[in-house]
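Enquirer: Once you've had a glance at the structure underneath, I'll fire off some questions.
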């Protein structure tokens, strides 16, 4: 949980991010632009799944499949008609058999996966996240409830077989890392870099001037300190953007850096037109 020695931190800018983004070929089709499976939302938090899915569509994924309880499929179609849905059982939607089926779906249909936003806590969710961590062959964005499952699992990183981007806010990071993280830029960068190296995964430590750290020692920081982003659902949007970029073939560290930049620039654009308050997460995609 201690920070690593201070290392060079690259400040993200438009030129650097532009070089990362995938080129859209004139002869491309929807399969070319990647298939993303999203496991997000629940009866109480459907909005999280919708926001993640809409953001993924806007960020260029060719196909997005949202896995939700079956009774919510119609609502998804009404709000994000571009997405396809996979219906889950209403009671205990992530029990063991369903969890295994979802992992198979990702293996067969997905170039990348987002899991965690708005998911209900419970045994089934723990089972699903554990299976994904051990078996998923595609890169994964782990957010929200998926991070809570990891935090409750002793030395989870030793059994994790995937290439993942973890997107914790400071509270989630503290649970994962075992100690609170301060607000100073140098401490945040040091803690994120140390965690990424220990866990062997890309870490996106959200907040003012979000830090992106790779397990190989690279660390970047976004310039954005946008109070308009301090509202429910904006993290779900970020997860969807990063997931879409992974589905398009970007490496996890590059997808995380580009996703954070696009997310921040959307907030800057909104604030320039509307002011410092009133942004809804659905304004971003």
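In our numbering, the protein residues as written are -18 to 266. In this text, a Cβ means the ideal position worked out from N, Cα and C, and glycines have one as well.
(1) Using DSSP with H/G/I as helix, E/B as strand and the rest coil, what is residue -14?
(2) Is it buried or exposed for residue 255, if we count other Cβ within 10 angstroms and need 16 for buried?
(3) Please state whether DSSP places residue 122 in a helix, a strand or coil.
(4) Tell me which same chain residues have a C-beta within less than 8 Å of the C-beta of residue 179, skipping the five on either side of it?
(5) Would the beta-carbon of residue 173 fall within 8 Å of that of residue 200?
(6) Helix, strand or coil: which one does DSSP assign to residue 189?
(7) Let me make sure I understand the geometry here. Which of 241, 183, 142 and 48 has the alpha-carbon closest to that of residue 115?
(8) For residue 210, collect the residues of the same chain with a Cβ closer than 6 Å to its Cβ; drop the 5 residues on either side in sequence, then sort them by chain order.
(9) If you compare alpha carbons, which of 37, 52 and 70 is closest to residue 94?
(10) Note down, in chain order, each residue of its chain lying with its Cβ closer than 6 Å to the Cβ of residue 98, except the 5 sequence neighbours on either side.
(11) If you follow the alpha helix (DSSP H) that residue 28 is in, where does it begin and where does it stop?
(12) For residue 202, is the classification buried or exposed, using 16 other Cβ atoms within 10 angstroms of its Cβ as the cut-off for buried?
(13) Between which residues of its own chain and residue 53 is the CB-CB distance below 6 Å, once the five residues before and five after are set aside?
(14) Here's the rule: buried if 16 or more other CB atoms are within 10 angstroms of the residue's CB, otherwise exposed. What is residue 167?
(15) Excluding sequence positions up to five away, which residues of its chain have a Cβ less than 6 Å from the Cβ of residue 224?
(16) Measure how close the beta-carbons of residue 161 and residue 170 come, nearest whole angstrom, since I'm counting them as under 8 Å.
(17) Beta-carbon separation of residue 277 and residue 226 under 8 Å?
(18) Under 7 Å from any heavy atom of the ligand NAP, does the C-beta of residue 19 make it?
(19) Use the C-beta contact count for residue 107: other C-beta atoms within 10 angstroms, 16 or more gives buried, fewer gives exposed.
Expert: Taking the structure as given:
(1) The pLDDT assigned to residue -14 is 45, lower than 50, so where the model puts this residue is not dependable; a value taken from the coordinates is nonetheless given after this. Of the three classes helix, strand and coil, the one that applies to residue -14 here is coil, per DSSP.
(2) exposed
(3) strand
(4) 138
(5) yes
(6) coil
(7) 142
(8) 248
(9) Nearest Cα to residue 94 within the set 37, 52 and 70: 37.
(10) Excluding positions up to five away in sequence, the list reads 21, 29, 33, 124, 125, 217 and 220.
(11) Where residue 28 is concerned, the enclosing alpha helix (DSSP H) starts and stops at 27 to 39.
(12) Residue 202 sits buried, since 16 or more C-beta atoms from the chains shown fall within 10 Å of its C-beta.
(13) A distance below 6 Å between beta-carbons, with the five flanking residues on each side excluded, links residue 53 to the following residues of its chain, in chain order: 27.
(14) exposed
(15) 17, 37, 93, 95 and 122
(16) About 16 Å; that fails the 8 Å criterion.
(17) With the chain covering -18 to 266 only, the question about residue 277 has no answer from this structure.
(18) In the structure on display, the ligand NAP does not appear, and there are no ligands present to speak of.
(19) buried
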